[in-house]
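Numbering of the sequence shown is given in this note's numbering, commencing with residue 7 and proceeding in unit increments.
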Amino acid sequence: MGDLRVSGPHGHSPGLPRAQLSPMARPQLLTCHGSSSVPWTCGHYYYGHVPYDYGMTRVVGGTFAIEAAWPWIVSIQHPTVPDQGHFCGGSLISTQWVLTAAHCALPAAPATPIPFPPMLVGATQLSQPGPGTQARLIRKVITHGYYARSMNGLFYDIALVELDRPVQCSPYVQLACIPDASLAVSELQNCWIAGWGATTARYVSEDASDILQEARVHLIDLEVCNSTHWYSGSVHVFNLCAGYPQGTIDTCQGDSGGPLMCKDNNADYWWVIGVTSWGRGCARARRPGVYSSTQYFYDWIVVNMGAQAVKISVPKALFCPCSSPVCMQTRELTLLLK
């Protein structure tokens, strides 16, 4: 596959188009209960602090993330990978479901929970996960039925992983917010990537990071990203592009499946708007990272999570996170499962 960058141990079912609608969209109340009786709300971090107003100068081109900065990020492990065994990332979207990339090539659904790879939730440093980390086994993997690879990229590169048992939420373990069609994704301005992948553009295994890396990126218009001197038609409506025209900062090998995250323009929570999918090399000029749009695949995610999605992720009464001053009211939405 040439220099097409994907990760691994060695998605037209219609989704939602990229909507350009209300910038005042709210995350559903993805409540996540832990030892406290007070529910946690998706898209918040409670210990880690992320600087809002500057980009990183040194994932490739990133810097070390503070503990619990991105509490929904998941490390997917594999026994054939040396050292800590990390080979892909993911995002915790309910207490028992992780969103990742189809090309991470996880095993098909087993009769009993898969004894490997463990899913590490709440970790920052893989060699020393710390008391806030929770490990889970895989019960089931659902890959998009139209997932395919080609010389020019990946199609419908999205998958869901059901954990063997729910996680307990804490300041280290939180749920990601996934946008529906009401969010104007293209208008989000404060966007970040994170992962334990290669930290140099050589993307050899020795360059993988033991400590979670983060970097700020810009969303790149799809028409620009698909233009002749960029990806020349290889990017599709179910994709997002993020990075910089000059390169230097990008996801790389080992970051696949992990989140592209943007802060809401009007409130203090974060959206996971993309799943790290592919790219041409790492951190090259006019070759930004390509991501699967979670907004495009929102219906697919909801339908395939089934009863748990209805119970946790998309109840008919969707409450705003009341910690936000612009979100002090309830709205009713009806989800039509097809």
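Where is the CB? At the ideal position from N, CA and C, for every residue including glycine.
Remember, it's a predicted structure, so these values are computed and weren't measured experimentally.
Based on the DSSP output, what are the partners of residue i in its beta bridges?
| i | result |
| --- | --- |
| I199 | A221, L266 |
| M125 | I82, R142 |
| W103 | S100, E168 |
| D66 | In the sequence as displayed, the identity of residue 66 is Val instead of Asp. The partner list for V66 (beta bridge, DSSP) reads D256. |
| V179 | S176 |
| R290 | R293 |
| G95 | S81 |
| A204 | A214 |
| Q131 | I217 |
Could you check the C-alpha separation between residue i and residue j for me, to the nearest Å?
| i | j | result |
| --- | --- | --- |
| V179 | P77 | 5 Å |
| Y275 | R292 | 30 Å |
| R222 | P172 | 31 Å |
| L143 | V80 | 12 Å |
| M30 | V104 | Because M30 sits at a pLDDT of 32, beneath the cut-off of 50, its placement in the model cannot be relied upon, and the following sentence gives the value as read from the coordinates. Roughly 26 Å between the two C-alpha positions. |
| I72 | A200 | 11 Å |
| R290 | W202 | 19 Å |
| R145 | G249 | 34 Å |
| L225 | A204 | 21 Å |
| D170 | V230 | 42 Å |
| Y237 | A74 | 35 Å |
| C48 | P185 | 11 Å |
| L181 | P124 | 18 Å |
| H150 | N158 | 19 Å |
| N271 | V241 | 26 Å |
| G68 | V243 | 28 Å |
| T206 | Y162 | 27 Å |
| Q252 | G312 | 42 Å |
| S298 | A273 | 24 Å |
| R155 | L126 | 27 Å |
| Y152 | T234 | 26 Å |
Confirm, please, whether the CB-CB distance from residue j to residue i is below 8 Å.
| i | j | result |
| --- | --- | --- |
| G295 | G95 | no |
| C183 | V309 | no |
| C288 | V66 | yes |
| T254 | V281 | no |
| S97 | P265 | yes |
| T106 | V167 | yes |
| I148 | F303 | no |
| G239 | N245 | no |
| Q195 | Q174 | no |
| S176 | G138 | yes |
| G91 | Q83 | yes |
| L160 | W284 | yes |
| F93 | G260 | yes |
| C197 | L228 | no |
Tell me the residue span of the alpha helix (DSSP H) that contains residue i.
| i | result |
| --- | --- |
| V281 | It is not in any alpha helix (DSSP H) - V281 instead sits in the beta strand (DSSP E) that spans 276–286. |
| V191 | Looking at the DSSP string, V191 is not in any alpha helix (DSSP H), and its letter there is neither H nor E. |
| V308 | 304–311 |
| L160 | Run containing L160: none in the alpha helix (DSSP H); it sits in the beta strand (DSSP E), 159–161. |
| V230 | 228–231 |
Taking the beta strand (DSSP E) that residue i falls in, what are its first and last residues?
| i | result |
| --- | --- |
| N272 | N272 -> no beta strand (DSSP E), and no H or E assigned at all. |
| Y153 | Element bounds for Y153: n/a, residue is neither H nor E. |
| I144 | 140–149 |
| N245 | 245–249 |
| S215 | Note, S215: premise wrong, no beta strand (DSSP E); not H, not E. |
| Y297 | 295–299 |
Open item on the list: Does the structure place the stretch 126–139 close enough to the stretch 212–228 that three or more beta carbon pairs sit under 8 Å?
Closed with: yes
Open item on the list: When you compare the stretch 189–207 with the stretch 98–113, are there three or more beta-carbon pairs, one atom per stretch, that lie closer than 8 Å?
Closed with: no
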